[in-house]
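*Asks:* Under our numbering, think of the first position of the sequence shown as 391, with each following residue one higher.
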Amino acid sequence: MTQQTNPAPFLAVEGLKKSYLTHGGLFGRPATKKQALAGVSFSLGPGLYGLLGPNGAGKSTLINIITGSLKADSGTVQWCGKSARALDIKFRRVLGYMPQQQGLYDSYTGRRFLAYMCALKEIPSKDVPAQVERVAEWVNLSGELDKRLAAYSGGMKQRLLLASALLGDPKLLILDEPTAGLDPKERVRLRSLLAELAKDRIILIATHVVSDVETVATEILLLKNGKLVDQAPVSELIAAHAPGQNLEAVYLSVFGEEDGK
Ligand SMILES: Nc1ncnc2c1ncn2[C@@H]1O[C@H](COP(=O)(O)OP(=O)(O)OP(=O)(O)O)[C@@H](O)[C@H]1O
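1) Output needed for Lys408: all residues of its chain with C-beta closer than 6 Å, excluding positions within five of it in sequence on either side, in chain order.
2) Just to confirm, is the Cβ distance from Pro568 to Thr597 under 9 Å?
3) Restricting to Cα atoms, I'd like to know which of Arg483, Ala541, Leu594, Ala585 is closest to Ala402.
4) Would Pro444 be called buried (16 or more neighbouring beta carbons within 10 Å of its own) or exposed?
5) Considering just the uninterrupted stretch of the beta strand (DSSP E) at Leu618, what are its terminal residues?
6) With C-beta atoms as the reference, is Leu434 less than 9 Å away from Glu609?
7) Go ahead and pull the three-state DSSP assignment for Ser433.
8) Excluding the 5 residues preceding and the 5 following Pro623 in the sequence, name in chain order all residues of the same chain whose CB lies nearer than 8 Å to its CB.
9) At which residues does the alpha helix (DSSP H) containing Gly471 begin and terminate?
10) At a cut-off of 8 Å, is His598 close to ligand 1 when judged by its beta-carbon and the heavy atoms of the ligand?
11) Between the alpha carbons of Asn636 and Ser473, how many angstroms are there, rounded?
12) Tell me which residues share the same chain as Arg483 and place their Cβ nearer than 7 Å to its Cβ, disregarding the 5 neighbours each side in the sequence.
13) Hey, would you say the C-beta of Thr451 is under 8 Å away from at least one heavy atom of ligand 1?
14) Can you look up Tyr542 in the DSSP assignment and give me helix, strand or coil?
15) Just curious, the alpha helix (DSSP H) that Asp602 is in, first and last residue?
16) What residue range does the beta strand (DSSP E) around Tyr487 cover?
17) Can Gln548 and Gly571 be called in contact, C-beta distance under 9 Å?
18) Just checking Asn636 against ligand 1 - is the residue's beta carbon closer than 8 Å to any of the ligand's heavy atoms?
19) If I measure Cβ to Cβ from Leu627 and keep anything under 8 Å in the same chain, skipping five residues before and after, which residues do I get?
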């Protein structure tokens with residue numbers, strides 16, 4: 391009999407397409423469609439990945455489809471060889487997601503907020519106190535957990551949202567602009583934490599801030615007008631698109647003044 395082992399985390403996206411109806415055909419005018427994703431395919435193993443693209447490139451659409459909050463017109467998302475949709479709650483348990491913006495209840499303390507998020511993630515109540523302490527330690531908020539969120543700075547709120555995404559030890563972590571509002575010291579700290587966490591999980595970071603991913607990314611995915619134009623380690627992208635320069639120069643060379651909106 392073959393022995394069962396835990397497979398390495400593996401995310402495969404195949405042929406994702408998504409269009410939005412932009413005008414509703416009012417007064418007999420035909421509805422127009424905006425294609426946000428035009429057939430996107432890639433696969434990711436353990437590591438840290440930067441998803442770079444200008445405004446309107448399709449990053450949020452792609453993330454929303456992977457996290458299951460938006461349905462693709464066609465294409466598939468697979469986790470370790472199985473359809474994410476079919477896995478349903480099993481997939482949601484391996485997924486940690488930090489959205490760009492999220493309302494926080496100012497009257498909650500950090501501890502209460504994280505306990506509430508544990509309940510939403512159906513983490514058994516006996517595990518909640520230890521989970522809360524662990525993720526708070528990761529983001530350097532252990533000493534602030536009993537303060538009300540009204541007293542948190544923007545950077546502390548951002549770190550709390552990251553802590554919340556880390557509850558349940560997800561093997562797939564998706565972060566949308568995670569360093570927004572962080573000061574330079576916090577950015578550096580977050581970068582090294584994510585690099586450490588990426589050793590045995592997949593971390594996908596959508597960002598405009600090239601320096602957030604330049605030194606720590608396993609690979610960068612470049613998204614332009616709903617199409618994946620390249621996926622490669624930083625050094626290969628530099629060699630291909632901006633020899634002798636840096637990732638910022640790659641970004642400018644590939645996207646120029648592009649704004650897909
Ligand atoms: N709900 C919607 N209805 C109509 N069009 C939409 C909708 N959401 C996104 N779009 C359009 O789809 C395209 C991709 O948008 P998306 O938000 O995925 O890009 P993005 O790369 O995340 O941009 P940003 O960096 O500004 O967040 C854009 O042209 C956008 O205007």
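Heads up, the beta-carbon is just placed ideally off N, CA and C, and yes, glycines get one too.
Since the model is a prediction, treat every value here as computed from it, not as a measurement.
*Replies:* Looking at the coordinates:
1) Ala426, Leu427, Thr451, Ala462, Asp463
2) yes
3) Leu594
4) buried
5) 617–622
6) yes
7) strand
8) Ala607, Thr608, Glu609, Ile610
9) Here Gly471 belongs to no alpha helix (DSSP H), and DSSP marks it neither H nor E.
10) yes
11) 37 Å
12) Gly558
13) yes
14) coil
15) 600–604
16) 485–488
17) yes
18) no
19) Ile610, Leu612, Asp620, Leu637, Val640
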